[in-house]
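For reference, the structure is listed below as structure tokens.
Protein chains: 6
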Amino acid sequence: MKLEDKIEKANVLLEALPYIKRFSGKSVVIKYGGSIMFDEVLKKQFANDIVLLKYVGIHPIIIHGGGKEISKWMQRVGKEAVFIDGLRFTDLETMEITEMVLSGKINNEIVSLINEAGGQAVGLSGKDGNLFTAERVKSKKNQDLGFVGDIKDVDISLLETLSNKGFIPIISSVGKNKAHETLNMNADHVAQAVATAFNAMKLIYLTDVQGLQINGELQSLLSIDEAIQLLTHEDVKEGMLPKLTCACDAIKSGVDRVHIINGTIPHATLLELFTDTGIGTMIEGKNP
Amino acid sequence: MKLEDKIEKANVLLEALPYIKRFSGKSVVIKYGGSIMFDEVLKKQFANDIVLLKYVGIHPIIIHGGGKEISKWMQRVGKEAVFIDGLRFTDLETMEITEMVLSGKINNEIVSLINEAGGQAVGLSGKDGNLFTAERVKSKKNQDLGFVGDIKDVDISLLETLSNKGFIPIISSVGKNKAHETLNMNADHVAQAVATAFNAMKLIYLTDVQGLQINGELQSLLSIDEAIQLLTHEDVKEGMLPKLTCACDAIKSGVDRVHIINGTIPHATLLELFTDTGIGTMIEGKNP
Amino acid sequence: MKLEDKIEKANVLLEALPYIKRFSGKSVVIKYGGSIMFDEVLKKQFANDIVLLKYVGIHPIIIHGGGKEISKWMQRVGKEAVFIDGLRFTDLETMEITEMVLSGKINNEIVSLINEAGGQAVGLSGKDGNLFTAERVKSKKNQDLGFVGDIKDVDISLLETLSNKGFIPIISSVGKNKAHETLNMNADHVAQAVATAFNAMKLIYLTDVQGLQINGELQSLLSIDEAIQLLTHEDVKEGMLPKLTCACDAIKSGVDRVHIINGTIPHATLLELFTDTGIGTMIEGKNP
Amino acid sequence: MKLEDKIEKANVLLEALPYIKRFSGKSVVIKYGGSIMFDEVLKKQFANDIVLLKYVGIHPIIIHGGGKEISKWMQRVGKEAVFIDGLRFTDLETMEITEMVLSGKINNEIVSLINEAGGQAVGLSGKDGNLFTAERVKSKKNQDLGFVGDIKDVDISLLETLSNKGFIPIISSVGKNKAHETLNMNADHVAQAVATAFNAMKLIYLTDVQGLQINGELQSLLSIDEAIQLLTHEDVKEGMLPKLTCACDAIKSGVDRVHIINGTIPHATLLELFTDTGIGTMIEGKNP
Amino acid sequence: MKLEDKIEKANVLLEALPYIKRFSGKSVVIKYGGSIMFDEVLKKQFANDIVLLKYVGIHPIIIHGGGKEISKWMQRVGKEAVFIDGLRFTDLETMEITEMVLSGKINNEIVSLINEAGGQAVGLSGKDGNLFTAERVKSKKNQDLGFVGDIKDVDISLLETLSNKGFIPIISSVGKNKAHETLNMNADHVAQAVATAFNAMKLIYLTDVQGLQINGELQSLLSIDEAIQLLTHEDVKEGMLPKLTCACDAIKSGVDRVHIINGTIPHATLLELFTDTGIGTMIEGKNP
Amino acid sequence: MKLEDKIEKANVLLEALPYIKRFSGKSVVIKYGGSIMFDEVLKKQFANDIVLLKYVGIHPIIIHGGGKEISKWMQRVGKEAVFIDGLRFTDLETMEITEMVLSGKINNEIVSLINEAGGQAVGLSGKDGNLFTAERVKSKKNQDLGFVGDIKDVDISLLETLSNKGFIPIISSVGKNKAHETLNMNADHVAQAVATAFNAMKLIYLTDVQGLQINGELQSLLSIDEAIQLLTHEDVKEGMLPKLTCACDAIKSGVDRVHIINGTIPHATLLELFTDTGIGTMIEGKNP
């Protein structure tokens, strides 16, 4: 490499300095999901991004679900998936498979990826250290959904213990209720609840879309008031509505900024954190 | 309850005091395995025993395998188990299922059981926090076994972090090698390696037999020298040989005492720790 | 011992687990007094109970008086005891003997008993580390009582230092006023003041009676309001009235529960703490 | 006061600075005994000296006996003192009185004096926190001495806990053996053992004489070799021989310097520590 | 020295004990200035006073300016001093010399003096650790003063770090504004701002006069209300007015007491802190 | 900026990750000197490099001299510089100016630069916190050099205190001897002594040349043995000889690697630390 190129690289490092300073010692909760989970290159890039964050003094916490992989394994054991109002009806056997897939497969893969990139990841579910307490929920039309839950309480003591000692928590969206039933939860909502409980500086949703699009136009920056108004907009559909709802809830409970970004862009997390314009949609509170 | 009965109960509590004092602040590594894993009553008793240990100031660390459950799930997905020299040949798909069963199912069940009993368990595999480093092994006849490994190194920093903060680590016998391949390991050996690395006071193997039987007679107490001699005895077979070998290795590397006990006896762990005669077979070092 | 009996003992240990969990890390102040102080068997049982509490994570603090022993030693040196309104008139010489008996004899005996049972007791009076500050009091009819005082202020820094490092404080009811005069104090009241200052979870009075009896019937449970009303009941006499008054004061200042129990029942303290129904009379606050 | 006089006082303060720097953060064990214990003015001066030491960053630990006061109280209860080879024969009743006098009277008086001077003293005996372990001893002619002991082991954890938190330990020469019998010990020897165990910078014996006199001449400074030779000198008698023996033992076990000084000189401790020439006799090790 | 004289010295030490107790662990900010800076004897006495304070547990922080020395060096490099409304007009070159003199000469001299006296001084300016943030000011008549600033913000983290580890901060009155221009500041005001930010117990101005004189009479004690009224008194002129203004500001922002004393009196700081009547003028708040 | 360019920048950041991991938590001592001190652009780049190091978890410590600036100011005050054997003869007045320039001007400029770049720099000389102790030295021909010293001892407690709390120490090469005389020292040697005392991972000399050139060829990598041999090579002259000598001394006393690099290359420090080939000359020990 020529000296000029090396110097150019040093310049790039220094461009990141203002962002490193701003986020140093802060926590960032990242909902990991979508196509990024199935692309070998993107996965490794993501893992490297996370390890870099940790080494420059930021505390990342990763939350993940994994609907597609659950469906695949249900099929393998010859069990048909049933959906009610778009939510997976989860009988005991489905829950068993769900937990094996989320906590025993996807979670371990993320841990391995990050450790391979040089981090110290620790895989968790909401059961570990009584991290989450959930409650069973019904569908909108009040139909039984089986072992589907909604997160009600987060005990961050395990996360603090790990984060302060240099470990990176990777959390699957499985938990338990007070009756100690295992429940499947919406990972977007889990990410919001963890970000709120941990008083995170940022909550980032990695998705397969560029961000929130209204009338075909990317909304780069939304105030919390604007975001709340858009919750009822017709362009805010299925996948986006729960994320936007969670984003608004997070801001209302004290998270500074929420980002909905395209995880298929290489190093999307770094781009969001370490460039001035960022990518995707940012929703911010009144005193961000 | 009559007052006399209450007083009698208080007397029983006080009989445990000398044992509580002796083990206070010490670590005990327990290999959890065998029929106890499939009996609802024994499982709950075990969980209560572990929580009691933690609350009286002892630091339990649980290691588990789960061969039977792996076979069951392999069957469910229509995959035949292949054994070479008594060891499961583990191709990539088998490893995938193994990890889902061990880390995603059995491990979570133990975490749930202990948390239901009032503890703060955290489920781990050897990947979490780079806890284990393993190496691939071949069969005795030098045949390829696929993703089967032997534990080579234990980094206890995650275990210390958790144990000191009141959490109970539950560890599945899955790890990785330096090439970041996921490997299945022998849980007896993992338990020995963890006990050695953590400088545990005791290593307890919960089995389905009363202990080591030679010529039809239970060996209650063996010196390390006696135990080593018995390694080649004809009555020390399959299931017992690896445990006795691990026991000897543990003693040689500094663990004070190793116990091979019958996990199907209710509260076997408490009986071992809190009664004078103990149960099963105890192997002890020269300066226990 | 047969295996069944051992298992039964393990079951008894586990019955204590919910109580151990509830009280773990909490402080319990125990007023030690009455016949229990003169019975060799009860004394040793008491000491064992206290050491067990410490080892299961509870922080006991013991307060004691010792009127009978003071009278005995006054007689030995040929000094007549004088009582005014039921309170010992305490001239300088009486105070000298009182302090020698309480701090130099009874206190040391309790320290020895507990250390013999395996604890790390430290004997204190209100002078040590300026633990108490008292004021001289007069009799109800405003007669001079000499060096008799009432506790006004407790500085818990010495108690915290000792308790956090694993020591068990044993405190005699002798202190000083701001003029540095040594004063004799009522141990029931000292216990209440220490429990209040230390924000103890429980205050236990060990007495010679079964608890508070009204119209010949044991009052197992009293709300603070009921207890206050009973202060003027004709069945609440001499020995009981100051204890009930102190109990009400303790509850009013934030102690969760106060117990008046029969110390002559073997292991009375353990029975109170570790059985569901408890023994004697319990007075509890509005949000216990 | 005139300004010149004030300035002169400031100069005196500053003369102490080199000594304060030298001893800052170090421990000094002081054997308190002799006439100083019975003179109201000297007692208060002593207490002020000790508090000043604590406030300028030195950690004083006080050891005391109290033979004369024991004799006085034995007489009061009509019990005759018996001496064998100059040592008090100590039957159970004598031991009871001895403990009451040492731990219940003299110790409390010293605590009060120091607290009145503004310190935070805590009275201890060898029983508290299992501070000492002793063994019974016989007379030189092998006669039974009853409950007389010699200190064998010092557990400094209680002393460290108190000293580091700003408290001043005051220790009576009463302890226990492994059979939990209460034993009376020689305070000079206790002081030496505590100084050795605590790795004190200085051990100071407050006596009624100017120091060690040989052929009528004060020995201001002795090397350890000179001191050992003088142990058999005819001028080293009764009271002095045990002190000189203890001094030599202390130096041999690592204490830097031992002083035998006249406690009846006002502020003897301060004079020793804070003036260049010191007072009395100093014995020093080879690398003081 | 005769024994009586030594004893008299010990008595003097003990007279300081009440003051040492009162100020132990507290911070005292001292504005060092005036003739004391140019007298070899006074300088050394001052240094010894400061080291003594540190060793007896008080945390001194020294602030200094140095106008005369600046003028001298300006003259040496042939630069004329210009004053506007009594304030030095500070062009870039003047600022350069000012900083060299204050931070490179006077500050180092004070550090050396204190270290020579046995302390651990650390020289700082307002730039170090971003200690101060200032703003440019104009003259009263709104004329440009060049690089002259007024302190607006104090970040005490560096001072706390150093003070807690036994170091003595020596601070020159040079700082920077948000544009990172170096500014010269009034040291009296800097001392007030540091005392306020550090929540100091005392702020002491060392001057060349006896204190505040009104109608030729020394004002020994002023309440804050009296002091405020005197701000407009005709006898409060040049040098005194800014000090009295700063004193009032300090009291209003929470400093307990401010002293304006004559630094040319030997050991003025010790006399103020360690004698009952003190010297000079004391202004105290409503609840000192 | 186009997305592709942003992604490219993220890739550059990640290339630094292996270096960040390797140096995380380690100390690097940097001798700052040469033309870099006089170039506004290079100075700012240097400051940014240092702040980036601190934020990614590396602990930089900066040492500087400043011969040219000293000469300039001597000239300004009309004082002629005298050199003996190439060393500045330093009379008292020269020393005064030297200290003002090094500690009052250059040091403050570096502090300002780094703070402006977002760091928390603290300027020190060897006097602060008794950081260095030096001894006077003579010229090679044994001529008096006045106040010129050689560093003999480094007390790192102040550096540790500051470095652990996030501050960046900037140290001028001025110190004192035991007689408290201010001495001027060679900054290359100071850097070596500090690197050795602090057990730094790296010592970097920023110079005006590309590194060590032998027979016109840059020596990229030298073993310690090779470096020692080159000490007598004719191409190792004036400026380089002391640096190479210091480098060898540093390696011999335990520093892992020493670098002699060209400070005029933009971001020379970053290039050295964060690229694989590095720049300039590296001397490494036997087990680097």
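Residue numbers (the numbering used here), protein chains in the order written: chain A, 1489 to 1776; chain B, 1489 to 1776; chain C, 1489 to 1776; chain D, 1489 to 1776; chain E, 1489 to 1776; chain F, 1489 to 1776. No residue lacks a Cβ here, since even glycine has one placed at the ideal position from N, Cα and C. The structure presented is a predicted model; accordingly, all values stated were derived computationally and were not measured.
- Task: Using a Cβ-Cβ cut-off of 8 Å, state whether E:N1603 counts as contacting chain F.
- Result: Position 115 of the fifth sequence, counted from the first residue, corresponds to residue 1603 of chain E. Yes, contact with chain F.
- Any C-beta of chain B under 8 Å from that of C:K1740: Counting from 1 along the third sequence, the entry for residue 1740 of chain C is found at position 252. Not closer than 8 Å to any Cβ of chain B, the Cβ of C:K1740 fails to qualify, so no.
- Task: Under 8 Å by Cβ, that's how I've got E:I1508 and E:V1544 pegged, so tell me the actual separation to the nearest angstrom.
- Result: Numbered from 1 along the fifth sequence, position 20 holds the residue referred to as residue 1508 of chain E. Numbered from 1 along the fifth sequence, position 56 holds the residue referred to as residue 1544 of chain E. Correct: roughly 5 Å between the Cβ atoms.
- Message: Counting C-beta neighbours from all protein chains within 10 Å, is the total for B:G1742 16 or more, i.e. buried, or is it exposed?
- Response: For the purposes of this step, residue 1742 of chain B is taken as the residue at position 254 of the second sequence. Per the 10 Å Cβ criterion, exposed.
- Query: Name the DSSP bridge partner or partners of C:S1515?
  - Reply: Here the question's residue 1515 of chain C lines up with position 27 in the third sequence. Note: C:S1515 sits in a beta bridge opposite C:H1547.
- Task: Find the residues of chain E that neighbour F:D1616, judging by a C-beta separation of less than 8 Å, and give them in chain order.
- Result: The residue given as residue 1616 of chain F occupies position 128 in the sixth sequence. What F:D1616 touches in chain E: V1599, A1609, V1610, G1611.
- Task: Quickly, what does DSSP pair F:D1783 with across the bridge? List them, please.
- Result: The requested residue 1783 of chain F does not occur in the structure, where chain F is confined to residues 1489 to 1776.
- Message: Tell me the rounded alpha-carbon separation between C:N1499 and B:A1504.
- Response: On the third sequence, residue 1499 of chain C is found 11 positions in, with the first residue counted as 1. On the second sequence, residue 1504 of chain B is found 16 positions in, with the first residue counted as 1. Computed Cα separation, rounded: 12 Å.
- Message: Let me see if you follow: with CB-CB separation under 8 Å, is F:V1625 close to chain A or not?
- Response: For the purposes of this step, residue 1625 of chain F is taken as the residue at position 137 of the sixth sequence. With 8 Å as the cut-off, F:V1625 does not count as an interface residue toward chain A.
- Query: D:L1694: which of D:L1619, D:A1609, D:A1675 sits nearest, CA to CA?
  - Reply: What you label residue 1694 of chain D is simply residue 206 of the fourth sequence in a count that begins at 1. Comparing C-alpha distances from D:L1694 to each of D:L1619, D:A1609, D:A1675 shows the shortest one belongs to D:A1675.
- Query: How big is the Cα-Cα spacing for A:F1571 and A:L1590?
  - Reply: Numbered from its first residue, the first sequence carries residue 1571 of chain A at position 83. Numbered from its first residue, the first sequence carries residue 1590 of chain A at position 102. So the alpha carbons of these two residues sit roughly 18 Å apart.
- Query: Three or more beta-carbon pairs under 8 Å between the stretch 1650-1658 of chain E and the stretch 1693-1713 of chain E, yes or no?
  - Reply: Touching, no.
- Query: Per DSSP, F:H1552 forms a beta bridge with which residues?
  - Reply: In the sixth sequence, residue 1552 of chain F corresponds to position 64, counting from 1. Answer is F:Y1520, F:S1660.
- Quick one: which residues of the stretch 1746-1774 of chain F get their C-beta closer than 8 Å to a C-beta of chain A? List them in chain order. I1753, P1754, H1755, L1758, L1759, F1762, T1763, T1765, I1767
- Message: On the criterion of 16 or more Cβ atoms from any shown chain inside 10 Å, does C:H1668 qualify as buried, or is it exposed?
- Response: Walking along the third sequence from the start, residue 1668 of chain C turns up at place 180. Exposed, since its Cβ has fewer than 16 Cβ neighbours within 10 Å.
- Query: Counting pairs of beta carbons, one from the stretch 1559-1568 of chain A and one from the stretch 1524-1540 of chain A, are three or more of them closer than 8 Å?
  - Reply: Counting Cβ pairs under 8 Å, fewer than three are found: no touch.
- Message: Assuming D:L1758 is part of the beta strand (DSSP E), what are its boundary residues?
- Response: The residue you call residue 1758 of chain D lines up with position 270 of the fourth sequence. From DSSP, D:L1758 is part of no beta strand (DSSP E) but of the alpha helix (DSSP H) over 1756-1762.
- Item | Bounding residues of the alpha helix (DSSP H) (the contiguous stretch that carries C:E1722) | Translated into positions along the third sequence, residue 1722 of chain C becomes position 234. Note, C:E1722: premise wrong, no alpha helix (DSSP H); not H, not E.
- Is the beta carbon of E:K1629 sitting closer than 8 Å to the one on E:D1573? Along the fifth sequence, one-based indexing puts residue 1629 of chain E at 141. Along the fifth sequence, one-based indexing puts residue 1573 of chain E at 85. For E:K1629 and E:D1573, yes; Cβs fall inside 8 Å.
- Along the beta strand (DSSP E) that carries A:E1772, what are the first and last residues, could you check? Stepping through the first sequence from its first residue, residue 1772 of chain A is reached at position 284. 1769-1772 is the span of the beta strand (DSSP E), which, as asked, contains A:E1772.
- Determine, using beta carbons only, whether E:V1516 and E:M1689 come nearer to each other than 8 Å. The residue given as residue 1516 of chain E occupies position 28 in the fifth sequence. The residue given as residue 1689 of chain E occupies position 201 in the fifth sequence. Contact flag set, yes.
- Query: For the putative contact between F:V1678 and E:K1615, defined by C-beta atoms under 8 Å, what is the C-beta separation to the nearest angstrom?
  - Reply: Residue numbering aside, residue 1678 of chain F sits at position 190 when the sixth sequence is read from its first letter. Residue numbering aside, residue 1615 of chain E sits at position 127 when the fifth sequence is read from its first letter. In fact, because the Cβ distance is near 22 Å, the residues do not count as touching under 8 Å.
- For the stretch 1720-1729 of chain A and the stretch 1755-1765 of chain A, state whether three or more C-beta atom pairs, one from each stretch, are separated by less than 8 Å. no
- Would DSSP call B:D1668 helix, strand or coil? On the second sequence, residue 1668 of chain B is found 180 positions in, with the first residue counted as 1. For clarity, residue 1668 of chain B is His in the given sequence; the question names Asp instead. Reduced to three states, the DSSP call for B:H1668 is coil.
- Check the Cβ-Cβ distances between F:E1568 and every residue of chain E, and say whether any is below 8 Å. Residue mapping note: residue 1568 of chain F aligns to position 80 of the sixth sequence, counting from 1. Not closer than 8 Å to any Cβ of chain E, the Cβ of F:E1568 fails to qualify, so no.
- Say whether chain A places a C-beta atom closer than 8 Å to the C-beta of F:G1545. Your numbering for residue 1545 of chain F matches position 57 in the sixth sequence. In terms of beta-carbon proximity, F:G1545 lines the interface with chain A, with at least one pair separated by less than 8 Å.
- Task: Locate the beta strand (DSSP E) running through F:K1731, then write down its first and last residues.
- Result: For this step, residue 1731 of chain F is matched to residue 243 along the sixth sequence. That residue, F:K1731, is in no beta strand (DSSP E); its alpha helix (DSSP H) goes 1728-1740.
- Message: Buried or exposed, going by whether 16 or more other CB atoms sit within 10 Å of the CB of F:V1746?
- Response: Counting from 1 along the sixth sequence, the entry for residue 1746 of chain F is found at position 258. It counts as buried.
- Message: Counting only C-beta atoms, is E:L1540 closer than 8 Å to chain D at any point?
- Response: For the purposes of this step, residue 1540 of chain E is taken as residue 52 along the fifth sequence, with counting starting at 1. True, the Cβ-Cβ gap to chain D drops below 8 Å.
- Give the secondary structure of F:A1535 by DSSP, where H, G and I count as helix, E and B as strand, and everything else as coil. On the sixth sequence, position 47 is the one that residue 1535 of chain F refers to. Helix, per DSSP.
- Message: Let me check understanding here. Comparing Cα to Cα, which of A:G1768, A:D1764, A:I1585, A:K1740 lies closest to A:I1753?
- Response: Working through the first sequence from its first residue, we reach residue 1753 of chain A at position 265. The option with the nearest alpha carbon to A:I1753 is A:G1768.
- Item | Distance between B:S1661 and A:I1659 (C-alpha atoms, nearest Å) | Locating residue 1659 of chain A in the first sequence gives position 171, counting from the first residue. Locating residue 1661 of chain B in the second sequence gives position 173, counting from the first residue. If I take the Cα positions, the gap works out to 20 Å.
- Give every residue of the same chain whose Cβ lies closer than 7 Å to the Cβ of B:G1773, excluding the five residues on either side of it in the sequence, and list them in chain order. Taking the first residue of the second sequence as position 1, residue 1773 of chain B is located at position 285. Contacts found: I1712, I1739, D1744.
- Task: Measure the C-alpha to C-alpha separation of F:D1527 and F:G1751 and round it to an integer number of angstroms.
- Result: Residue 1527 of chain F sits at position 39 when you count from the first residue of the sixth sequence. Residue 1751 of chain F sits at position 263 when you count from the first residue of the sixth sequence. Rounded to the nearest angstrom, the two C-alpha atoms are 11 Å apart.
- Buried or exposed for D:V1682, please, with buried defined as at least 16 other CB atoms from any protein chain shown within 10 angstroms of its CB. Position 194 of the fourth sequence, counted from the start, is the residue given in the question as residue 1682 of chain D. Buried, because 16 or more other Cβ atoms sit within 10 Å of the Cβ of D:V1682.
- Task: Using the DSSP secondary-structure output, state which residues sit across from F:F1571 in a beta bridge.
- Result: Looking up residue 1571 of chain F in the sixth sequence gives position 83. DSSP lists F:R1576 as partners of F:F1571.
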